[in-house]
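Undergrad: Protein chains in written order, with our numbering: chain A, 2 to 618; chain B, 14 to 392.
Cβ atoms here follow ideal geometry from the backbone N, Cα and C, with glycine treated the same way.
Source: prediction; values computed, not measured.
Okay, here's the structure, questions in a sec.
Spelled out as structure tokens, the structure:
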């Protein structure tokens with residue numbers, strides 16, 4: 002690196018540019034970041050690998066960024082000045098809106114990156130609105146202009162319409178080939194304001210990410226607003242007043258580079274030796290213990306789980322492994338909450354709370370992949386507030402907690418949803434949203450044939466299969482973003498499923514009264530297919546309280562004996578029975594009814610293929 | 014009690030293959046296609062060689078109590094050839110007094126003279142594959158005989174002096190109605206026989222019938238139908254002088270098949286012929302399945318055994334439970350562990366078992382659900 006490169010802790014804020022990239026999955030954010038690393042020379046071309054900044058396997062495979070990173074890039078601009086660019090990466094999914102907002106709060110500018118063949122997607126639009134709320138300078142960019150399907154003029158007009166700029170202001174690049182990237186960096190230097198802060202004020206730094214590292218403990222990513230943070234200093238977390246000593250401070254470029262300090266406007270990392278990301282929370286303000294700031298930077302919020310699901314090991318003896326695995330994941334995931342739970346049908350497991358469905362999926366996938374666990378998850382549900390006639394109130398995160406007795410009112414969380422779609426699908430989306438108890442608030446044409454639809458929907462309807470339905474009904478063209486906005490009163494009931502008279506806790510669901518019957522019929526029919534015949538007749542009933550609303554019957558197995566068992570049949574038959582007995586050990590008992598595990602998995606899955614697969618076994 | 018010795022002789026020939034059959038049997042055309050010298054004409058010599066070589070390799074001082082010729086269709090061989098095999102067994106091992114000697118027979122492959130020759134040569138028992146009296150059922154099963162032929166053959170066998178005569182039935186096939194079964198049973202109870210085996214039709218994978226079911230040409234056989242027919246068989250036979258002594262077998266007093274009882278009581282037996290299984294004191298052995306491979310071993314005076322299995326004590330215990338539970342005489346309780354004992358008590362309460370002295374015996378309901386129960390009693 003050149004000798005005149007500005008050093009961390011001694012960098013004039015005027016040459017710093019802090020920005021992020023707002024983009025949808027697949028629109029090329031990681032490729033653009035890779036290209037920036039190359040052009041600014043921080044990565045040797047021989048060491049370049051695709052999506053350099055995405056650390057986790059799951060991220061690289063799914064092409065999405067879950068945890069953000071920040072990288073410091075030296076850049077000599079067209080004006081001959083050596084600048085320091087801090088590229089702050091943002092997570093790209095609806096569940097992580099709060100983390101996105103904190104990343105945005107660490108920037109002065111944002112590159113709005115949109116695929117020139119697809120146009121803007123709902124989540125990108127939502128993040129763009131967040132960026133505008135944070136007063137960020139927006140640089141609109143169309144990517145993939147080298148694609149044959151690219152329509153740069155059309156989507157430039159769309160972006161110009163949304164941001165309120167001229168279509169000519171929209172930059173056109175190809176992150177893949179490198180076309181236009183240097184121009185983009187020059188524009189970023191020109192347009193994005195340099196950070197402003199008071200170098201002499203008590204130190205204040207915003208935590209925008211916090212990552213657990215097995216060897217180093219928690220690595221905290223910060224943006225310094227005022228003052229300076231130096232190694233060996235004692236810092237204080239302003240939300241908890243906890244004090245930690247800084248063991249190491251530095252910048253990422255793109256590997257960690259320790260330094261003496263980081264100052265006003267700079268972005269870097271610090272390590273204090275804490276072992277749990279909860280001790281160093283995203284959105285919190287860091288100050289110096291010796292000379293604390295009077296006021297935090299504001300905007301801190303405790304992560305709030307919105308979606309709950311029971312996670313159970315397929316093999317009951319894996320319960321301790323699951324507990325250890327969750328304990329480990331929690332170190333790196335401040336939003337994950339869980340407590341032990343037991344189910345008659347599924348045994349011992351954990352009730353887990355997640356930010357949303359993707360968060361659930363990611364946690365589950367990591368548990369299965371990194372910890373080699375086989376899991377069943379119960380149907381996801383939301384938090385309900387149930388008020389009783391006697392004035393008491395229950396918070397319900399699990400259908401089994403739904404109170405009996407006289408219920409006065411039930412409140413459920415609602416979301417404000419934004420759906421972007423080609424206009425040909427408006428009708429089918431309205432139909433879907435109506436089925437899901439949605440209320441339409443408005444509709445705008447973003448361009449000639451693309452529409453933004455705004456709905457209020459119960460979160461419970463979204464967590465149940467909504468996204469898949471939306472995608473399949475619009476051939477994948479519609480995109481969805483939502484954020485929780487509050488709650489509403491609704492006519493909700495708990496539907497229990499009884500097997501031979503015994504309720505199966507894992508199958509209970511809280512549903513709207515109008516849908517209780519169809520849920521009951523659907524579950525009873527599904528279970529009839531999935532549960533093998535027993536020695537006695539097994540009624541499957543769906544009930545609201547004591548009232549049966551649907552019923553199916555599994556007829557008794559009447560014959561289970563091999564007709565012939567002579568000399569040549571004995572070994573084979575013994576082995577067959579031994580195998581069947583092994584299979585029975587993996588069955589779960591509900592009362593006297595033996596239920597194969599596959600039946601639980603298939604019944605809890607909304608995917609018909611899984612049901613067919615389990616049945617085929 | 015010392016274990017008795019039986020002998021099973023497998024005859025792997027059939028005139029044609031029935032659609033439901035997955036046994037180790039071959040038509041002449043199939044054997045020719047496989048390029049083997051094994052044929053109906055040369056078979057007895059090879060069998061006699063196996064008997065002689067086997068007895069030499071593993072001498073056994075016990076006299077044979079029972080012999081069973083099964084197949085295939087043993088009666089496709091000339092009666093004199095079957096008798097030659099029997100004589101060789103007697104010469105090598107010796108027969109116990111009143112030894113039971115059975116052959117399976119196809120009603121349309123025997124005549125009065127043929128049966129007489131068998132009887133004179135030492136056979137005491139014959140088992141006819143009747144299957145059904147309904148011609149459309151026989152057609153579905155691809156059986157070649159006509160329904161009336163069985164009863165003619167029974168009369169010839171009785172006239173020839175056979176002590177015991179049995180017929181096999183297949184019930185619950187897709188073509189069978191309740192009335193078909195009742196008419197079959199009427200024929201059975203009118204005939205001069207002392208033993209009936211009745212098997213529900215199982216559509217085994219790989220058979221022509223399974224292929225037809227897969228293609229949707231024939232519906233699958235229903236366990237529910239079989240379950241409703243079993244009590245018809247049991248009550249009809251029981252009210253006509255027969256009683257069950259094994260899940261699929263009924264006999265008049267003294268008509269029980271001693272050879273088959275040997276299987277269920279875990280006695281020893283020799284296995285002669287391709288694919289035949291043998292048992293001796295907790296070791297199960299079986300011969301090469303294909304006649305060509307089996308014959309090649311015999312021709313080189315090598316053992317025709319394909320493989321064997323030495324049962325652990327617990328495997329032996331599980332087999333005892335599995336086999337003895339099928340018998341009317343029941344399962345002695347001392348085969349059960351403490352856990353198995355409590356499962357037996359459960360099964361008594363569920364009406365699947367009843368206790369008779371120090372044994373448990375399947376109830377009528379339990380006989381149809383024996384397999385699941387066996388696995389529970391293994392605990």
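1) So, using beta-carbon positions, are residue 414/A and residue 588/A closer together than 8 Å?
2) Between residue 119/B and residue 86/B, which are expected to be in contact by the criterion C-beta below 8 Å, what is the C-beta distance as a whole number of angstroms?
3) So residue 560/A contacts chain B; which residues on that side make the cut at Cβ distance below 8 Å?
4) How about residue 109/A and residue 137/A: do their beta carbons lie closer than 8 Å?
5) Can you check DSSP and say which residues form a bridge with residue 495/A?
6) Between the alpha carbons of residue 282/A and residue 183/A, how many angstroms are there, rounded?
7) Rounded to whole angstroms, what is the Cα-Cα separation between residue 604/A and residue 522/A?
8) Using only the alpha-carbon positions, how far apart do residue 467/A and residue 450/A sit?
9) With DSSP as the reference, please indicate the residues paired to residue 291/A in a beta bridge.
10) Here's a check: name, in chain order, each residue in its chain whose Cβ is nearer than 7 Å to the Cβ of residue 121/B, leaving out the five neighbours to either side.
11) For residue 200/A, which option in 133/A, 319/A, 71/A, 12/A has the closest C-alpha, if you only look at C-alpha atoms?
12) Would residue 566/A be called buried (16 or more neighbouring beta carbons within 10 Å of its own) or exposed?
13) What's the gap between the Cα of residue 67/A and the Cα of residue 210/A?
14) Determine the direct distance from the alpha carbon of residue 304/A to that of residue 458/A, and round the result to whole angstroms.
15) Assuming residue 106/B and residue 77/B are in contact, meaning their beta carbons sit under 8 Å apart, how far apart are those beta carbons, in whole angstroms?
16) Tell me, please, whether the CB atom of residue 564/A is closer than 8 Å to any CB atom in chain B?
17) Does any CB atom of chain A fall closer than 8 Å to the CB of residue 385/B?
18) Would residue 213/B and residue 185/B qualify as a contact pair, given that the criterion is a beta-carbon distance under 8 Å?
19) Do the CB positions of residue 269/B and residue 276/B come within less than 8 Å of each other?
20) Check the Cβ-Cβ distances between residue 581/A and every residue of chain B, and say whether any is below 8 Å.
21) In whole angstroms, what separates the C-alpha of residue 354/A from that of residue 309/A?
22) Strictly below 7 Å CB to CB, what residues from chain C border residue 578/A?
23) Measure how close the beta-carbons of residue 548/A and residue 534/A come, nearest whole angstrom, since I'm counting them as under 8 Å.
24) Rounded to the nearest angstrom, what separates residue 161/A and residue 155/A at their Cα positions?
25) For the alpha helix (DSSP H) that contains residue 601/A, what are its first and last residues?
26) For residue 335/B, collect the residues of the same chain with a Cβ closer than 6 Å to its Cβ; drop the 5 residues on either side in sequence, then sort them by chain order.
27) Cβ of residue 430/A within 8 Å of Cβ of residue 479/A?
28) Is residue 78/A helix, strand or coil by DSSP?
29) If we cut at 8 Å on Cβ distances, does residue 60/A have a partner in chain B?
30) In terms of residue numbering, what span does the alpha helix (DSSP H) encompassing residue 230/B cover?
31) Going by beta carbon distance, what residues of the same chain come within less than 8 Å of residue 525/A, once the five residues before and after it are set aside?
32) Decide if the stretch 284–292 of chain B is in contact with the stretch 301–313 of chain B; the criterion is three or more beta carbon pairs, one per stretch, under 8 Å apart.
33) Would you mind giving the Cβ-Cβ distance between residue 219/A and residue 280/A, rounded to the nearest angstrom? I have them listed as a contact below 8 Å.
34) Can you list, in chain order, the residues of its chain whose CB lies under 8 Å from that of residue 390/B, leaving out five sequence neighbours each side?
35) Okay, do the stretch 241–258 of chain A and the stretch 311–321 of chain A touch, 3+ Cβ pairs below 8 Å being the bar?
36) So, helix, strand or coil for residue 340/A, using DSSP?
TA: In this structure, then:
1) Not in contact: residue 414/A and residue 588/A (Cβ atoms no closer than 8 Å).
2) About 5 Å separates the two Cβ atoms, so the contact holds.
3) Ordered by position in chain B, the residues that pass the 8 Å Cβ test against residue 560/A are 213, 236, 237, 239, 240, 243, 381, 382.
4) Note that the C-beta distance between residue 109/A and residue 137/A is below 8 Å.
5) Beta-bridge pairing links residue 495/A to 511/A.
6) Between residue 282/A and residue 183/A, the alpha-carbon positions lie close to 35 Å from each other.
7) One alpha carbon belongs to residue 604/A, the other to residue 522/A, and they sit about 13 Å apart.
8) CA-to-CA, the gap between residue 467/A and residue 450/A works out to about 23 Å.
9) Residue 291/A pairs with nothing; no bridge assigned.
10) The answer, listed in chain order, is 157, 158, 162.
11) Nearest of 133/A, 319/A, 71/A, 12/A to residue 200/A, Cα basis: 12/A.
12) Burial call: buried.
13) Low confidence applies here, because residue 67/A scores a pLDDT of 41, under 50, leaving its location unreliable; read the following figure in that light. Their backbone Cα atoms lie some 11 Å apart in a straight line.
14) It is roughly 22 Å from the alpha-carbon of residue 458/A to the alpha-carbon of residue 304/A.
15) In this structure residue 106/B touches residue 77/B by the C-beta definition: roughly 5 Å separates them, less than 8 Å.
16) It does: the Cβ of residue 564/A has a partner Cβ on chain B nearer than 8 Å.
17) Yes, its Cβ sits closer than 8 Å to a Cβ of chain A.
18) Taking 8 Å as the Cβ cut-off, residue 213/B and residue 185/B qualify as a contacting pair.
19) It is not a contact, given that the beta carbons lie outside the stated cut-off.
20) Closer than 8 Å to some Cβ of chain B, the Cβ of residue 581/A qualifies, so yes.
21) Going from the Cα of residue 354/A to the Cα of residue 309/A covers about 4 Å.
22) Here chain C cannot be found, since the structure's protein chains are A and B.
23) Actually they do not touch by this definition, with Cβ atoms about 27 Å apart.
24) The alpha-carbon separation between residue 161/A and residue 155/A amounts to approximately 10 Å.
25) 598–605 is the extent of the alpha helix (DSSP H) around residue 601/A.
26) Once the five neighbours on either side are set aside, the close Cβ partners of residue 335/B are 387.
27) Yes, these two residues count as a Cβ contact at 8 Å.
28) In the three-state reduction of the DSSP assignment, residue 78/A falls in the coil class.
29) A caution first: residue 60/A carries a pLDDT of 49, below 50, which makes its placement in the model too unreliable to give a value.
30) Where residue 230/B is concerned, there is no enclosing alpha helix (DSSP H), given that its DSSP letter is neither H nor E.
31) Only 498, 541, 542, 543, 551, 552, 553 meet the Cβ criterion.
32) At 8 Å Cβ cutoff, the stretches touch.
33) Contact holds; Cβ gap of about 7 Å.
34) In chain order, 334, 338, 344, 349, 353, 356, 357, 360 place their CB closer than 8 Å to the CB of residue 390/B, counting only its own chain and leaving out the 5 sequence neighbours on each side.
35) Between the stretch 241–258 of chain A and the stretch 311–321 of chain A there are fewer than three C-beta pairs closer than 8 Å, too few to call the two in contact.
36) Under the three-state reduction of DSSP, residue 340/A is assigned to strand.
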